[in-house]
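J.:
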Amino acid sequence: HKNGLQVAIDGPASAGKSTVAKLVAKQFKYVYVDTGAMYRAITYKTIKSGTSLDNVEAISEIVKNSEISFQPGEADQRVFIDGEEITEAIRQEDVTNSVSAVAAIQSVREELSNDQQVIAADGGVVMDGRDIGTTVLPDAEVKIFLIASVEERAQRRYKENIEKGINTPLDELQLEIEARDYKDSHRKISPLTKADDAVEIDTTSLSIDEVVDKIASVITEKLNSN
Ligand code: CDP
Ligand code: CDP
2 HKNGLQVAID GPASAGKSTV AKLVAKQFKY VYVDTGAMYR AITYKTIKSG
52 TSLDNVEAIS EIVKNSEISF QPGEADQRVF IDGEEITEAI RQEDVTNSVS
102 AVAAIQSVRE ELSNDQQVIA ADGGVVMDGR DIGTTVLPDA EVKIFLIASV
152 EERAQRRYKE NIEKGINTPL DELQLEIEAR DYKDSHRKIS PLTKADDAVE
202 IDTTSLSIDE VVDKIASVIT EKLNSN
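Quick note: the sequence shown, position 12, residue 13 per UniProt numbering, numbers continuous.
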């Protein structure tokens, strides 16, 4: 592709996708695209408009009539929907607990995957999500599937929450993660699965830097072989 490779990073909740994807993008001067934030943005707007999560028609209208955009921020990327900043709002528990239901709707997936394909068309992107290597970018040159034990993933979320002053008990977080993984893996349309040609990395006992280095060497190898 004109601007570089397409790098797809998929995996279950809190495996470290967005953390390492950002760092890998920085290292190769690629654009980082957080597709989970796009599903969260539509979920936020659905909840805010008082729309019921099973009102598929209304949610289809919402996704057709929404403009999601990203802007570089100081630490994290800033996220907007229709010009309203929702960077923090989309990480709230109400959105987290509803996002898998919204992400299972066909029209939502079609619309957002299409946007993601447009963004990635020229390459030079690191895109993280659940179905990037399988559905959105099936020809991506680099596909990574990140996993970690559910206990470790709950611990990671717990630590993040403590830093934000949120005190959800660890066992509750683990249940939330398991419920979301189950829904994401069992939905009809593009469920969370490892692409056959993806490199699987178990991050349970790896540091962030170790994971970044592993992915960077897969990319470098690909670049050198082209
Ligand atoms: O960061 P975290 O693991 O909490 O999740 P996320 O990447 O922000 O994604 C939130 C939710 O969006 C996931 O649980 C999926 O239901 C959905 N999603 C999806 O269906 N397909 C994607 N490519 C990305 C996210
Ligand atoms: O995007 P995803 O939900 O897969 O995970 P994340 O939002 O990047 O969160 C992972 C959390 O685990 C972050 O707080 C990271 O600092 C931490 N972590 C990691 O990402 N990778 C490791 N190898 C170890 C810890």
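Beta carbons: idealized from backbone N, C-alpha and C, even for Gly.
Ignore the nearest five residues each way along the sequence and tell me which others in aspartate 182's own chain have a CB closer than 8 Å to its CB.
T.: Around aspartate 182: Pro13, Ala14, Val151, Leu193.
J.: So is leucine 224 buried or exposed if we call it buried at 16+ other beta carbons inside 10 Å?
T.: Result: exposed.
J.: For threonine 36, count neighbouring Cβ atoms within 10 angstroms of its own Cβ and tell me buried if that reaches 16, exposed if not.
T.: Under this definition threonine 36 is a buried residue.
J.: What does a CB cutoff of less than 6 Å around glutamate 153 pick up in its chain, not counting 5 residues either side in sequence?
T.: Same-chain partners within the cutoff: Thr205.
J.: Near isoleucine 216, which residues of its chain fall below 7 Å by C-beta distance, leaving aside the five closest residues on each side in sequence?
T.: The residues are Val21, Val25, Ile145.
J.: Sorted by chain position, which residues of the same chain lie with C-beta nearer than 8 Å to isoleucine 209's C-beta, five sequence neighbours on each side aside?
T.: The answer, listed in chain order, is Gly17, Thr20, Val21, Leu24.
J.: Short of 6 Å in beta carbon distance, which residues of its chain neighbour isoleucine 120, apart from the five on each side in sequence? Order them along the chain.
T.: Within the same chain, isoleucine 120 has close Cβ partners Val34.
J.: Contact between the stretch 106–122 and the stretch 77–93 is defined here as three or more beta-carbon pairs at a separation below 8 Å; is this criterion met?
T.: Verdict: no, contact absent.
J.: So what's alanine 155 in DSSP terms, helix, strand or just coil?
T.: Looking at alanine 155 - three-state DSSP - the assignment turns out to be helix.
J.: Tell me the rounded alpha-carbon separation between glutamate 173 and glutamine 93.
T.: Spanning the two alpha carbons is a distance of roughly 15 Å.
J.: Can you pull the DSSP bridge partners for lysine 144?
T.: The partner list for lysine 144 (beta bridge, DSSP) reads Ala9.
J.: Could you name the residues of the same chain whose beta carbon sits closer than 7 Å to that of tyrosine 159, not counting the 5 residues immediately before and after it, in chain order?
T.: Leu171, Leu174, listed in sequence order.
J.: Got a sec, what are the start and stop residues for the alpha helix (DSSP H) glutamine 107 sits in?
T.: 107–121 is the extent of the alpha helix (DSSP H) around glutamine 107.
J.: Helix, strand or coil for tyrosine 31? Go by DSSP, reduced to three states.
T.: Coil.
J.: Can the beta-carbon of alanine 104 be found less than 8 Å from the beta-carbon of tyrosine 40?
T.: A contact, by the Cβ cut-off of 8 Å.
J.: Considering only the beta carbon of each residue, do isoleucine 133 and alanine 38 sit closer than 8 Å?
T.: Contact: no.
J.: Would the beta-carbon of isoleucine 87 fall within 8 Å of that of valine 57?
T.: For isoleucine 87 and valine 57, no; Cβs fall outside 8 Å.
J.: Under three-state DSSP, which class holds aspartate 203?
T.: It is a strand residue.
J.: Which term fits alanine 149, buried or exposed, when burial requires 16 or more other beta carbons within 10 angstroms of its beta carbon?
T.: So alanine 149 ends up on the buried side.
J.: For a test of your reading of the model: does the CB of glycine 17 fall under 7 Å from any non-hydrogen atom of ligand 1? Yes or no.
T.: No, since every heavy atom of ligand 1 falls outside the 7 Å radius drawn around the Cβ of glycine 17.
J.: Report the option in Asn98, Asn168, Ser50 whose CA atom is closest to the CA atom of lysine 184.
T.: The candidate whose alpha carbon is nearest that of lysine 184 is Asn98.
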